[in-house]
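Since the structure comes first, as structure tokens, the remarks are kept for the end.
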Amino acid sequence: MWKFTVRRILIMIPQIFLLSILIFLMAQAMPGDALSGLIDPNLDPKEIAKMREKLGLNDEWYAQYIDWIKGAIQGDLGESFRFKMPVSELIEQRLINTFWLSVVTLIITYLIAIPLGITSGRFNDTWADRIITGYTYIGFATPVFIFALVMLWIFGFHYGWFPTTGSVKPGLEPGTFDYIVSKIYHMLLPAISLALITTVNTVQYLRSEIIDTKQRDFIITARAKGAPESRVYNRHILRNSLLPIAAFFGFEITGLIGGTIFVEQIFGYPGMGQLFYESILLRDYSVVTSVVLLFGIASILGALISDVILSLVDPRIRIK
70 MWKFTVRRIL IMIPQIFLLS ILIFLMAQAM PGDALSGLID PNLDPKEIAK MREKLGLNDE
130 WYAQYIDWIK GAIQGDLGES FRFKMPVSEL IEQRLINTFW LSVVTLIITY LIAIPLGITS
190 GRFNDTWADR IITGYTYIGF ATPVFIFALV MLWIFGFHYG WFPTTGSVKP GLEPGTFDYI
250 VSKIYHMLLP AISLALITTV NTVQYLRSEI IDTKQRDFII TARAKGAPES RVYNRHILRN
310 SLLPIAAFFG FEITGLIGGT IFVEQIFGYP GMGQLFYESI LLRDYSVVTS VVLLFGIASI
370 LGALISDVIL SLVDPRIRIK
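Numbering (my numbering), first residue to last: 70 to 389.
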């Protein structure tokens, strides 16, 4: 098992390296650079040219990349001209909010998806299956930002059951019970909105796998031997059908990254998604490149976690 994990980590390293080069080159193609927004536009052009030369912005792209990646490894991601603070500190503040939002979203997603997928697959072609399948079709067709806006209007503005902005009630002291409760309360509506959309993929995967597994020879043999139906489902069908869910875990993380960008902006939730969106609009060069790099690394780590989990569940996929 450890050999497989080490091999996957070694494969991940060049992936991150290539990702960083791609992000850097795309950032170079953006209007402006890391100095944009930090200087007075009325400053003498000669002084601006000297500052660019001092910062190495006139060097070849590979020299700038080496300086950038060295700083990133050491935790120096530059400075945000909008927030007037180091990008690493800014990301640290926002990353905590996005992390917990993603954790709560994943928990809600699986709490909804697994029972619906099992019900739909076990009782396929029934009214329950048709209702669940109809829900997944609607979910596939509904953009997450439209659904989030509807949820915000109904449960935030119309009924007032949930807060409509922020991540915690102002004035509460961090670490207190009221602070934690307020954090969870502000997180629930964005998490539910995102989970109700992302859950449809898991439901369909699980349903299809259960229906396919029910028709396999070893299931027919188990039933022919007189095994109880509950045992056939719990020990044979369900156990084998959950394998794709483990493999799909990494894609869930990737999907959450894209979803949080819209959801955090709509709900005014101060996380990485909102930071990324606002930084693009303001062309905050240092923040954009850093956030995209972290999002990319998170996607690669998600794929790694999926492979490790799947190898634990099904040892046959391990590379010898």
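Virtual Cβ for every residue (Gly too), placed ideally from N, Cα, C.
- Classified as buried, Phe231 has 16 or more neighbouring CB atoms from the shown chains inside 10 Å of its CB.
- Contact annotation: Ile187 and Ile288 have beta-carbon atoms that are not nearer than 8 Å.
- Taking each of Pro83, Phe168, Gln284 in turn and checking the Cα distance to Ile322, the smallest one comes out for Phe168.
- Within the DSSP secondary-structure output, Ser149 pairs in a beta bridge with Met154.
- Leu159 is the residue among Ile82, Leu159, Leu241 whose C-alpha sits nearest the C-alpha of Met341.
- Counting C-beta atoms within 10 angstroms of its own C-beta, Pro184 has fewer than 16 neighbours from the protein chains shown and is therefore classed as exposed.
- When the beta-carbon positions are compared, Leu325 and Met256 stay at least 8 Å from each other.
- If you ignore the 5 residues before and after Leu362, its C-beta comes within less than 8 Å of the C-beta of Leu88, Ser89, Ile92, Ala141, all in its own chain and listed in chain order.
- Note on the region 189 to 260: whole alpha helix (DSSP H) runs with a minimum of 4 residues are 196 to 210, 213 to 220, in chain order.
- Non-local C-beta neighbours of Leu265 in its own chain, meaning closer than 6 Å and more than five positions away in sequence, are absent.
- Annotated as proximal: Ser348 and Val360, with beta-carbon spacing under 8 Å.
- For the 8 Å CB-CB criterion, Val269 and Phe209 form a contact.
- Look at Tyr179 here: in three-state DSSP terms it is helix.
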